[in-house]
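First comes the structure, then the notes that go with it.
Residue numbers (this note's numbering), protein chains in the order written: chain W, 1 to 114; chain U, 1001 to 1108.
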C-alpha cells in the first residue's frame, strides 16, 4: 500500500507571496492533519480534515488555511508569507476513527521564505 | 503547562544497552499514546502505539503506559547505532499533541 505523498518536496518563496501544498493520504484514510515543524518549536498542529470538514484547528493565524477533497486529498495554503513561515510542513493521514488514531506522516514539504 | 513533556536529552547509551525514554502528559482524558522516531532530515515514523495500561512489546521496543501517573515510556533493548534519532511522544486529546522529542545517540 502506498504511503502518504506530499508535493512539492521543496519550495522557495518570497515574503508576501502565497503557497499551496498538497497531500495525498494512504488509500482508505479519511483524516488528514497538517503540522509545522521548526527546530525551535517542534511539531505544531495546524488543522485536521475529515470527510472534507475541518475537525480541529491549532493556534495559527488565518493566513494558514486548508481544505480536503472528496477523494481525501488535502491542500494547505499560506497567504502573505512571512520569514517565520520557513519550516518543514508535514501532513499525516489516519483512518479517522478516534478509537484507533494512528497517524502516518508523509515526507514533508520544506518551505523556505526569503 | 505543555500537554506533553519529554526530556530533550541528548541521551547517550552504548551499543547493546537499554535506552529508556520518558514522557508525561497533562490530559487525564487522553486515550491513545504513540511513539515516533524521526531521523535527521526525515519525517516522523510511527514505531509504537499503546492504548491500555501496562506493557506492549514489539521486537526490541517496549512501550509502557501508566494512566494513573500520566506517564508513558519507551524502552529500546539491545540498542543499535541505527536507533540514533529523535523520539517523539504523542498523545491524543481532541487532537494529536506531540512532545518536543528526546534525542538518542547510540555509541558503537
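A virtual CB, placed ideally from N, CA and C, is assigned to each residue, including glycine.
Since the model is a prediction, treat every value here as computed from it, not as a measurement.
Residue i, DSSP secondary structure in three states
{"i": "residue 42(W)", "result": "strand"}
{"i": "residue 85(W)", "result": "helix"}
{"i": "residue 94(W)", "result": "strand"}
{"i": "residue 24(W)", "result": "strand"}
{"i": "residue 953(U)", "result": "Beyond the ends of chain U as shown, which are 1001 and 1108, falls residue 953(U); an answer cannot be given."}
{"i": "residue 1103(U)", "result": "strand"}
{"i": "residue 1082(U)", "result": "helix"}
{"i": "residue 49(W)", "result": "strand"}
{"i": "residue 1022(U)", "result": "strand"}
{"i": "residue 66(W)", "result": "strand"}
{"i": "residue 1034(U)", "result": "strand"}
{"i": "residue 75(W)", "result": "strand"}
{"i": "residue 37(W)", "result": "strand"}
{"i": "residue 80(W)", "result": "coil"}
{"i": "residue 31(W)", "result": "strand"}
{"i": "residue 17(W)", "result": "coil"}
{"i": "residue 60(W)", "result": "coil"}
Beta strand (DSSP E) segment containing residue i, residue limits
{"i": "residue 1016(U)", "result": "Element bounds for residue 1016(U): n/a, residue is neither H nor E."}
{"i": "residue 4(W)", "result": "It is not in any beta strand (DSSP E) - residue 4(W) carries neither H nor E in the DSSP assignment."}
{"i": "residue 12(W)", "result": "10 to 13"}
{"i": "residue 1045(U)", "result": "1045 to 1050"}
{"i": "residue 55(W)", "result": "53 to 57"}
{"i": "residue 1005(U)", "result": "1004 to 1006"}
{"i": "residue 1056(U)", "result": "1054 to 1058"}
{"i": "residue 1028(U)", "result": "It is not in any beta strand (DSSP E) - residue 1028(U) carries neither H nor E in the DSSP assignment."}
{"i": "residue 114(W)", "result": "Looking at the DSSP string, residue 114(W) is not in any beta strand (DSSP E), and its letter there is neither H nor E."}
Residue i versus the options, residue with shortest Cα-Cα distance
{"i": "residue 1068(U)", "options": "1059(U), 1054(U), 1075(U)", "result": "1054(U)"}
{"i": "residue 1086(U)", "options": "23(W), 43(W), 35(W)", "result": "43(W)"}
{"i": "residue 110(W)", "options": "36(W), 27(W), 73(W)", "result": "36(W)"}
{"i": "residue 48(W)", "options": "40(W), 29(W), 41(W), 39(W)", "result": "29(W)"}
{"i": "residue 50(W)", "options": "88(W), 106(W), 72(W), 10(W)", "result": "72(W)"}
{"i": "residue 112(W)", "options": "3(W), 8(W), 101(W)", "result": "8(W)"}
{"i": "residue 41(W)", "options": "68(W), 65(W), 85(W), 17(W)", "result": "85(W)"}
{"i": "residue 27(W)", "options": "95(W), 61(W), 12(W)", "result": "95(W)"}
{"i": "residue 70(W)", "options": "14(W), 16(W), 11(W), 25(W)", "result": "25(W)"}
{"i": "residue 1080(U)", "options": "1042(U), 1073(U), 1105(U)", "result": "1105(U)"}
{"i": "residue 1089(U)", "options": "1077(U), 1045(U), 1083(U), 1029(U)", "result": "1045(U)"}
{"i": "residue 1066(U)", "options": "1037(U), 1040(U), 1022(U)", "result": "1022(U)"}
Interface flag, residue i vs chain U, CB-CB below 8 Å
{"i": "residue 50(W)", "result": "no"}
{"i": "residue 105(W)", "result": "yes"}
{"i": "residue 45(W)", "result": "yes"}
{"i": "residue 59(W)", "result": "no"}
{"i": "residue 74(W)", "result": "no"}
{"i": "residue 115(W)", "result": "Any question about residue 115(W) goes unanswered here, given that chain W covers just 1 to 114."}
{"i": "residue 56(W)", "result": "yes"}
CB contact check: residue i to chain W, cutoff 8 Å
{"i": "residue 1046(U)", "result": "yes"}
{"i": "residue 1084(U)", "result": "no"}
{"i": "residue 1074(U)", "result": "no"}
{"i": "residue 1061(U)", "result": "no"}
{"i": "residue 1088(U)", "result": "yes"}
{"i": "residue 1022(U)", "result": "no"}
{"i": "residue 1049(U)", "result": "yes"}
{"i": "residue 1102(U)", "result": "no"}
Rounded distance between the beta-carbons of residue j and residue i, thought under 8 Å
{"i": "residue 5(W)", "j": "residue 106(W)", "result": "6 Å"}
{"i": "residue 1013(U)", "j": "residue 1099(U)", "result": "Not really, about 19 Å apart at Cβ, beyond 8 Å."}
{"i": "residue 88(W)", "j": "residue 15(W)", "result": "At roughly 19 Å, the Cβ-Cβ gap does not stay under 8 Å, so residue 88(W) and residue 15(W) are not in contact."}
{"i": "residue 56(W)", "j": "residue 1006(U)", "result": "Contact flag wrong, Cβ pair sits at about 22 Å."}
{"i": "residue 52(W)", "j": "residue 1034(U)", "result": "Contact flag wrong, Cβ pair sits at about 25 Å."}
beta-carbon residue i near the ligand ATP non-hydrogen atom, thresh 7 Å
{"i": "residue 25(W)", "result": "The ligand ATP is absent from the structure shown, which contains no ligands of any kind."}
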